[in-house]
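Line by line, the protein sequences give chains F and V. Using my numbering, you'd call the opening residue of the first sequence number 16 and step up by one each time. Using my numbering, you'd call the opening residue of the second sequence number 157 and step up by one each time.
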Amino acid sequence: AQSVTQPDIHITVSEGASLELRCNYSYGATPYLFWYVQSPGQGLQLLLKYFSGDTLVQGIKGFEAEFKRSQSSFNLRKPSVHWSDAAEYFCAVGPRETGANNLFFGTGTRLTVIP
Amino acid sequence: EAQVTQNPRYLITVTGKKLTVTCSQNMNHEYMSWYRQDPGLGLRQIYYSMNVEVTDKGDVPEGYKVSRKEKRNFPLILESPSPNQTSLYFCASGYYEQYFGPGTRLTVT
Numbered sequence: 016a017q018s019v020t021q022p023d024i025h026i027t028v029s030e031g032a033s034l035e036l037r038c039n040y041s042y043g044a045t046p047y048l049f050w051y052v053q054s055p056g057q058g059l060q061l062l063l064k065y066f067s068g069d070t071l072v073q074g075i076k077g078f079e080a081e082f083k084r085s086q087s088s089f090n091l092r093k094p095s096v097h098w099s100d101a102a103e104y105f106c107a108v109g110p111r112e113t114g115a116n117n118l119f120f121g122t123g124t125r126l127t128v129i130p
Numbered sequence: 157e158a159q160v161t162q163n164p165r166y167l168i169t170v171t172g173k174k175l176t177v178t179c180s181q182n183m184n185h186e187y188m189s190w191y192r193q194d195p196g197l198g199l200r201q202i203y204y205s206m207n208v209e210v211t212d213k214g215d216v217p218e219g220y221k222v223s224r225k226e227k228r229n230f231p232l233i234l235e236s237p238s239p240n241q242t243s244l245y246f247c248a249s250g251y252y253e254q255y256f257g258p259g260t261r262l263t264v265t
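Below is the structure:
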């Protein structure tokens, strides 16, 4: 069965520091991979996605993620965090045979940014 | 502007009183879906629709109904709400890239 693991429930970083949020998935083949961000009281916004090709993908707001097939991982990174990045981040996978119509989400990582 | 709207945004109701949460999108997407979000569980899909009059169950469909009579609208119906359906609900639109509505916070007492 498909599963998505975000091992860090809560991460605190200082403004200006680098950030890496971890995501591991379990699936029989390489799925479609997504990162979403949810600001307090808001819906989810797509940060970036991986379908195929270059394993380092760039997203909005200065985020990037790297797909590593050997590790079944799709970690999200940002070189310098801003206070406005405080939010909850969700990794999601979508089986290739059904596209993104049945996304499986991780349980999320809450990011706190301190001055 | 590409948009998914949901109404109401907040709803407090009592057990057994039928309710409908509306969802509308302006992107002409064929695919729409409903999720619920609960602490520690992430988002779980309730129902999805591949097109008008085509709907199917997601991972947690019990206690919910949906309909898709027009491409732009995909309402979520709770015929007899129960307290375990207290949750934050999101409608989403799009196939390879999903756009989410702002959410509906439902409390069933």
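Where is the CB? At the ideal position from N, CA and C, for every residue including glycine.
{"Asked": "Within the same chain, show all residues whose beta-carbon is closer than 7 Å to that of K213 of chain V, passing over the 5 residues directly before and after it, in chain order.", "Found": "Y203"}
{"Asked": "Out of V:V264, V:L197, V:E186, which has the shortest C-alpha to C-alpha gap to G250 of chain V?", "Found": "V:E186"}
{"Asked": "Taking the beta carbon of T124 of chain F as the centre, do at least 16 other beta carbons fall within 10 Å, making it buried, or is it exposed?", "Found": "buried"}
{"Asked": "With A102 of chain F as the anchor, note down where its beta strand (DSSP E) starts and where it stops.", "Found": "102-109"}
{"Asked": "What would DSSP say about S99 of chain F, mapped onto helix, strand or coil?", "Found": "helix"}
{"Asked": "So, does the CB of N90 of chain F fall closer than 8 Å to a CB anywhere in chain V?", "Found": "no"}
{"Asked": "Within the continuous beta strand (DSSP E) that includes A248 of chain V, where are the two ends?", "Found": "243-249"}
{"Asked": "From the DSSP secondary-structure annotation, give me the bridge partner or partners of I26 of chain F.", "Found": "F:L126"}
{"Asked": "Please report the Cβ distance between I233 of chain V and T169 of chain V, rounded to the nearest whole angstrom; I am assuming they are in contact, meaning their Cβ atoms lie under 8 Å.", "Found": "Their Cβ separation, rounded to whole angstroms, is 13 Å, which puts I233 of chain V and T169 of chain V out of contact at 8 Å."}
{"Asked": "Just checking: is the beta-carbon of G257 of chain V within a distance shorter than 8 Å of some beta-carbon in chain F?", "Found": "yes"}
{"Asked": "Taking CB distances under 8 Å as the criterion, tell me whether G77 of chain F reaches chain V.", "Found": "no"}
{"Asked": "Going by beta carbon distance, what residues of the same chain come within less than 8 Å of E209 of chain V, once the five residues before and after it are set aside?", "Found": "R224, K225"}
{"Asked": "Leaving aside the five residues before and after P130 of chain F along the sequence, list all residues of the same chain whose C-beta is less than 6 Å from its C-beta, in chain order.", "Found": "E30"}
{"Asked": "T122 of chain F CB to nearest chain V CB: under 8 Å?", "Found": "yes"}
{"Asked": "Using a C-beta cutoff of 8 Å, does K83 of chain F count as contacting chain V?", "Found": "no"}
{"Asked": "Along chain F, in chain order, which residues have C-beta atoms closer than 8 Å to that of F246 of chain V?", "Found": "G58, L59"}
{"Asked": "Let me confirm a value: G58 of chain F is counted as buried when at least 16 other C-beta atoms fall within 10 Å, else exposed. Which label applies?", "Found": "buried"}
{"Asked": "Exposed or buried, what is S189 of chain V when buried is set at 16 or more other beta-carbons lying within 10 Å of its beta-carbon?", "Found": "buried"}
{"Asked": "Mind checking R84 of chain F: buried by the 16 CB within 10 Å criterion, or exposed?", "Found": "exposed"}
{"Asked": "When we look at the beta-carbon of G196 of chain V and count the other beta-carbons within 10 Å, is it buried (16 or more) or exposed?", "Found": "exposed"}
{"Asked": "Tell me whether P239 of chain V is buried or exposed, calling it buried when 16 or more other Cβ atoms sit within 10 Å of its Cβ.", "Found": "exposed"}
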